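A quick write-up on the structure given underneath.
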Amino acid sequence: MRTHRKRTLQRLAFHLCPGVEASVSVFVTMLEAKVPPPVYLLNENNKPLKAESKQICEQTGALLHPVDDIATYVEVAGHRIFVTRAETQEAKHFGDPSLRVLGFKPLSSLQDHHRMFHAYFVYPNERGKELR
5 MRTHRKRTLQ RLAFHLCPGV EASVSVFVTM LEAKVPPPVY LLNENNKPLK AESKQICEQT
65 GALLHPVDDI ATYVEVAGHR IFVTRAETQE AKHFGDPSLR VLGFKPLSSL QDHHRMFHAY
125 FVYPNERGKE LR
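Counting from 5, one number per residue, gives the positions in the sequence shown under the working numbering.
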């Protein structure tokens, strides 16, 4: 088995309670290696090909502009509610990434189906934010 240097997956703020915050690093010690995607090359000069996707109107055959011509909607109670791209981006970003302790439960309440993925290890980050 090959060993690698631990790499930080992410640096986060860790909120213990209101007013107490520390900086932590998140590590993954074991992660399944994935096969990289294939690289397609042009036959004549062996340069990599670049894939492009374009949306085409079914009625006219014209190219559609992704911001102006394509509408996004959310279905609520059987009705389509159209949302703009800016509204979608605003809904996706609702604050800086952080860990927040909500409470503690006994170890006996942890069941087998709760541990389906690899473990993440949270470690204090000395180079990050200091305790407040």
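The C-beta atom is built at its ideal place from N, Cα and C for all residues, glycine as well. As the structure is a computational prediction, the values presented were derived from the model and not from experiment.
- Arg-119 is not a Cβ neighbour of His-19, given a cutoff of 8 Å.
- A straight line joining the alpha-carbon of Ser-57 with that of Glu-48 spans about 23 Å.
- The bridge partners DSSP lists for His-19 are Glu-25, Arg-104.
- In this structure, the CA atom of His-122 is about 21 Å from the CA atom of Pro-110.
- For Phe-125, the closest alpha carbon among the candidates Phe-86, Phe-31, Lys-10, Arg-131 is that of Phe-31.
- Annotated as proximal: Leu-16 and Val-28, with beta-carbon spacing under 8 Å.
- Between the C-alpha atoms of Arg-9 and Pro-128 there is a straight-line separation of about 17 Å.
- Ranked by Cα distance from Ile-74, the first of Gly-82, Glu-62, Val-80, His-83 is Glu-62.
- For the set Ser-112, Cys-21, Gln-14, Met-34, the Cα lying nearest the Cα of Leu-106 is the one of Cys-21.
- Under DSSP, Phe-121 takes part in no beta bridge, so it has no partner.
- When secondary structure is reduced to three states using DSSP, Thr-92 falls in the helix class.
- Linking Ser-113 to Lys-96 through their CA atoms gives a straight-line distance of about 31 Å.
- With respect to the 8 Å criterion, Lys-54 and Leu-45 are not classified as neighbours on the basis of their beta carbons.
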